[in-house]
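Peer 1: Supplied in structure tokens, the structure appears directly below.
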Amino acid sequence: MRDPETEAGPAAGTNAMAVAQGARLGAGRRRVGVALGSGSARGLAHIGVLRALRDAGVQVDVVAGTSMGAFVGAIFAAGQLERLERDFLGFDWASIASLLDPVFPRSGLLDGVKIGDFMRTHVQQANIEELPIPFRAMATDIATGEEVVIGSGDLIAAVRASIAVPGVFTPVRSNGRVLVDGGLVNPVPVSAARALGADFVIAVDLNHDIVTGRQRLPLASDHGGNGAIAHALTQVLDGFESFQPPGLASLREWLKRERLPGIVDVLLASMYIMQARITQATLLQDQPEVLIQPPLGAVRFMDFRRTAEIVEIGYRSTVQVLERLGLDARSG
Numbered sequence: 382m383r384d385p386e387t388e389a390g391p392a393a394g395t396n397a398m399a400v401a402q403g404a405r406l407g408a409g410r411r412r413v414g415v416a417l418g419s420g421s422a423r424g425l426a427h428i429g430v431l432r433a434l435r436d437a438g439v440q441v442d443v444v445a446g447t448s449m450g451a452f453v454g455a456i457f458a459a460g461q462l463e464r465l466e467r468d469f470l471g472f473d474w475a476s477i478a479s480l481l482d483p484v485f486p487r488s489g490l491l492d493g494v495k496i497g498d499f500m501r502t503h504v505q506q507a508n509i510e511e512l513p514i515p516f517r518a519m520a521t522d523i524a525t526g527e528e529v530v531i532g533s534g535d536l537i538a539a540v541r542a543s544i545a546v547p548g549v550f551t552p553v554r555s556n557g558r559v560l561v562d563g564g565l566v567n568p569v570p571v572s573a574a575r576a577l578g579a580d581f582v583i584a585v586d587l588n589h590d591i592v593t594g595r596q597r598l599p600l601a602s603d604h605g606g607n608g609a610i611a612h613a614l615t616q617v618l619d620g621f622e623s624f625q626p627p628g629l630a631s632l633r634e635w636l637k638r639e640r641l642p643g644i645v646d647v648l649l650a651s652m653y654i655m656q657a658r659i660t661q662a663t664l665l666q667d668q669p670e671v672l673i674q675p676p677l678g679a680v681r682f683m684d685f686r687r688t689a690e691i692v693e694i695g696y697r698s699t700v701q702v703l704e705r706l707g708l709d710a711r712s713g
């Protein structure tokens, strides 16, 4: 890849200027698409990216997203990005736990129903076709390995399929297919944005730090304990001040001990290492006009409590790219 933090594709400066000027004048501009990549909590950076584009006067015409990129992209397409940011800014461990619905492990640890319920509070549209901005969500047919571009039907189900990280979320059945996370085949869906008619694509890659080797992945074992699950369980145990059943002291000691990364950390890290390699190859074949790569190497995949910081990284990274292109997000 080129610049490891943020960059613009070949000859992007002139095109981006035309895009921004056309957006302000309302005529003669190119059709702008954004391709929002996967990345779990790192996907909160998409909020900052989209806000910076708005502040620069760049009108987004179409949206394609994978995994968390589909989640944020759908809510952006529904016109509810600011509300989503406000809600995530208030997230703590209890908020995160409220979105988790563990199931007896069969094809995944979490059912994902609560995430769908959360999303319904942010979108009024039931179907993708009803969104004000054309939108596509990427998924993978786990039986055939085929890329599935979802562009119609139930919006929540489409996003739920796109975020179905294998082993973490249960797959989604749709039209005879069994669908999982689209990042297995198309982590940064430039091609889907082009298929929607975009002739100027702004792509956001959240996992490039993984393949640059500049920063090791921050896993739960780097901080002690067994990640988010151990932290949540410790908080529960701390509530039992007067109730001390046999074995509680041993459990507390086990949770404090330095351990290997938890299962969610291992699954997500493995997935995103693979996705980063796929992205590296696909972006060489189908280069976007502008590529934004926020430096998120220090952000763990479940760091949803760091919303303000992650959003700011996305915003700042986008501003840096726009400034290179002669645009200023802060001037509108």
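The sequence shown begins at 382 in this note's numbering and counts up one residue at a time.
Cβ atoms here follow ideal geometry from the backbone N, Cα and C, with glycine treated the same way.
Quick caveat, the model's predicted, so the values are computed rather than measured.
1. For D646 and F682, which I take to be in contact (beta-carbon distance under 8 angstroms), what is that distance rounded to the nearest angstrom?
2. Would you grab the beta carbon distance between A520 and G563 for me? Rounded to a whole angstrom, and I think it's under 8 angstroms.
3. Within 10 Å of its beta-carbon, does I654 have 16 or more other beta-carbons around it, so buried, or fewer, so exposed?
4. Just to confirm before moving on: does the CB-CB distance between T699 and L434 stay below 9 angstroms?
5. Under 9 angstroms between the Cβ atoms of A416 and I583?
6. Taking C-beta to C-beta, are L536 and N508 nearer than 9 angstroms?
7. Go ahead and label E377 buried or exposed: buried means 16 or more other beta carbons lie within 10 angstroms of its beta carbon, across all protein chains shown.
8. Does the segment 537-556 come close enough to the segment 660-668 that 3 or more CB-CB pairs lie under 8 angstroms?
9. Specify, as a first and last residue, the run of the alpha helix (DSSP H) that E693 falls within.
10. Taking 9 angstroms as the cut-off, decide whether the C-beta atoms of R517 and V444 are in contact.
11. Using a threshold of 9 angstroms, state whether the C-beta atoms of L677 and I694 are closer than that.
12. Rounded to whole angstroms, what's the CA-CA distance from S488 to L560? Just pull it up for me.
13. If I measure Cβ to Cβ from A408 and keep anything under 6 angstroms in the same chain, skipping five residues before and after, which residues do I get?
14. Taking all protein chains shown into account, do 16 or more other C-beta atoms lie within 10 angstroms of the C-beta of G534, making it buried, or fewer, making it exposed?
15. Roughly how far, in whole angstroms, is the beta-carbon of H427 from the beta-carbon of G450, given that I think they are within contact range, below 8 angstroms?
16. With a threshold of 6 angstroms on Cβ separation, who are the neighbours of P675 within its own chain once the five nearest residues in sequence on each side are excluded?
17. I believe I496 touches L512 by the beta-carbon criterion, under 8 angstroms. Please report the beta-carbon distance rounded to the nearest angstrom.
18. How should A392 be labelled, buried or exposed, when 16 other C-beta atoms within 10 angstroms of its C-beta is the threshold for buried?
19. I'd like the span of the beta strand (DSSP E) that includes R517, first residue to last.
20. Beta carbon of L587, beta carbon of M652: below 9 angstroms?
21. According to DSSP, which residues form a beta bridge with G489?
22. Measuring alpha carbon to alpha carbon, tell me which of L708, F472, T447 and R658 ends up nearest V530.
23. Are the beta-carbon atoms belonging to L649 and S476 less than 9 angstroms from one another?
24. Could you check where the alpha helix (DSSP H) with V453 kicks off and where it finishes?
25. Short check: CB of F452 to CB of V585, under 9 angstroms?
26. Can you give me the Cβ contacts of P669 inside the same chain, cut-off strictly under 6 angstroms, excluding the 5 residues immediately before and after it?
27. Using CA coordinates, which residue listed in V680, P568, Q506 and L708 is at the minimum distance from A458?
28. Name, in chain order, the residues that DSSP records as bridge partners for L417.
29. By Cβ distance below 7 angstroms, which residues in the same chain neighbour F499 in space, the five residues on each side in sequence not counted?
30. Classify L703 as buried or exposed, calling it buried when 16 or more other Cβ atoms lie within 10 Å of its own Cβ.
31. For A524, count the other beta carbons within 10 Å of its own beta carbon; 16 or more makes it buried, fewer makes it exposed. Which is it?
32. Taking the alpha helix (DSSP H) that R681 belongs to, which residues open and close that run?
33. Bridge partners of V529, per DSSP?
Peer 2: In short, the structure shows the following:
1. As a first step, residue 646 must be located in the sequence shown, where it is residue number 265. As a first step, residue 682 must be located in the sequence shown, where it is residue number 301. Indeed, because the Cβ distance is near 7 angstroms, the residues count as touching under 8 angstroms.
2. Here the question's residue 520 lines up with position 139 in the sequence shown. Here the question's residue 563 lines up with position 182 in the sequence shown. Between A520 and G563 the beta-carbon gap is near 5 angstroms, inside 8 angstroms, which marks them as a contact.
3. Start at 1 with the first residue of the sequence shown, and residue 654 comes out as number 273. The residue is exposed, with fewer than 16 neighbouring Cβ atoms inside 10 Å.
4. Translated into the one-based positions of the sequence shown, residue 699 becomes position 318. Translated into the one-based positions of the sequence shown, residue 434 becomes position 53. Contact: yes.
5. On the sequence shown, residue 416 is found 35 positions in, with the first residue counted as 1. On the sequence shown, residue 583 is found 202 positions in, with the first residue counted as 1. In this structure, I583 lies closer than 9 angstroms to A416 by Cβ.
6. Here residue 536 is taken as the residue at index 155 of the sequence shown, counted from 1. Here residue 508 is taken as the residue at index 127 of the sequence shown, counted from 1. Yes, Cβ-Cβ distance for L536 and N508 is below 9 angstroms.
7. Residue 377 lies beyond the residue range present for the chain, which begins at 382 and ends at 713; the question has no answer from this structure.
8. By the C-beta criterion, the segment 660-668 is judged not to be in contact with the segment 537-556, since fewer than 3 inter-stretch pairs fall below 8 angstroms.
9. Within the sequence shown, numbered from 1, the residue matching residue 693 stands at position 312. Counting along the chain, the alpha helix (DSSP H) containing E693 begins and ends at T688 to R705.
10. Residue numbering aside, residue 517 sits at position 136 when the sequence shown is read from its first letter. Residue numbering aside, residue 444 sits at position 63 when the sequence shown is read from its first letter. Cβ atoms of R517 and V444: closer than 9 angstroms.
11. Locating residue 677 in the sequence shown gives position 296, where the first residue counts as 1. Locating residue 694 in the sequence shown gives position 313, where the first residue counts as 1. In this structure, I694 lies closer than 9 angstroms to L677 by Cβ.
12. Working through the sequence shown from its first residue, we reach residue 488 at position 107. Working through the sequence shown from its first residue, we reach residue 560 at position 179. Taking the straight line joining both Cα atoms gives about 12 angstroms.
13. Residue numbering aside, residue 408 sits at position 27 when the sequence shown is read from its first letter. Residue placement at A408 is flagged as unreliable, the pLDDT there being 40, under the threshold of 50; the coordinate-derived value follows with that caveat. Correct list: empty, nothing qualifies.
14. Along the sequence shown, read from residue 1 onward, the residue named residue 534 stands at position 153. G534 should be labelled exposed.
15. Translated into positions along the sequence shown, residue 427 becomes position 46. Translated into positions along the sequence shown, residue 450 becomes position 69. Contact between H427 and G450 holds, with the beta-carbon distance rounding to 6 angstroms and staying under 8 angstroms.
16. Here residue 675 refers to the residue found at position 294 when the sequence shown is read from its first residue. Correct list, in chain order: A426, I694, G695 and S698.
17. Looking up residue 496 in the sequence shown gives position 115. Looking up residue 512 in the sequence shown gives position 131. No, I496 and L512 are not in contact; Cβ-Cβ is about 18 angstroms, not under 8 angstroms.
18. As a first step, residue 392 must be located in the sequence shown, where it is residue number 11. Residue placement at A392 is poorly supported in this model, since its pLDDT is 37, which falls under 50; the coordinates still yield a value, given next. By the 10 Å Cβ count, A392 comes out exposed.
19. Here residue 517 is taken as the residue at index 136 of the sequence shown, counted from 1. Following the DSSP letters along the chain, one finds R517 inside the beta strand (DSSP E) bounded by residues F516 to D522.
20. Sequence index remark: in the sequence shown, residue 587 carries index 206 (1-based). Sequence index remark: in the sequence shown, residue 652 carries index 271 (1-based). Not closer than 9 angstroms, so no.
21. By one-based count along the sequence shown, residue 489 stands at place 108. Partner(s): G548.
22. Position 149 of the sequence shown, counting from 1, holds the residue named residue 530. Of the candidates L708, F472, T447 and R658, the one whose C-alpha sits nearest the C-alpha of V530 is T447.
23. Indexing the sequence shown from 1 puts residue 649 at position 268. Indexing the sequence shown from 1 puts residue 476 at position 95. Not a contact, by the Cβ cut-off of 9 angstroms.
24. On the sequence shown, position 72 is the one that residue 453 refers to. M449 to A458 is the span of the alpha helix (DSSP H), which, as asked, contains V453.
25. The count along the sequence shown starts at 1 and reaches residue 452 at position 71. The count along the sequence shown starts at 1 and reaches residue 585 at position 204. Against a cut-off of 9 angstroms, the Cβ pair of V585 and F452 comes out as no contact.
26. Your numbering for residue 669 matches position 288 in the sequence shown. G390, V571, V582 and A584, listed in sequence order.
27. Here residue 458 corresponds to residue number 77 of the sequence shown, with the count starting at 1. The shortest Cα separation from A458 among V680, P568, Q506 and L708 belongs to Q506.
28. Translated into positions along the sequence shown, residue 417 becomes position 36. For L417, which the question treats as bridged, DSSP gives the partners G446 and V585.
29. As a first step, residue 499 must be located in the sequence shown, where it is residue number 118. The residues are L480.
30. Here residue 703 refers to the residue found at position 322 when the sequence shown is read from its first residue. Answer is buried; the Cβ neighbour count reaches 16.
31. Counting from one through the sequence shown, the residue named residue 524 turns up at place 143. Counting Cβ neighbours within 10 Å, A524 comes out exposed, since fewer than 16 surround it.
32. Here residue 681 refers to the residue found at position 300 of the sequence shown. No alpha helix (DSSP H) holds R681; DSSP gives it neither H nor E.
33. For the purposes of this step, residue 529 is taken as the residue at position 148 of the sequence shown. Looking at the DSSP output, V529 sits in a beta bridge with A520.
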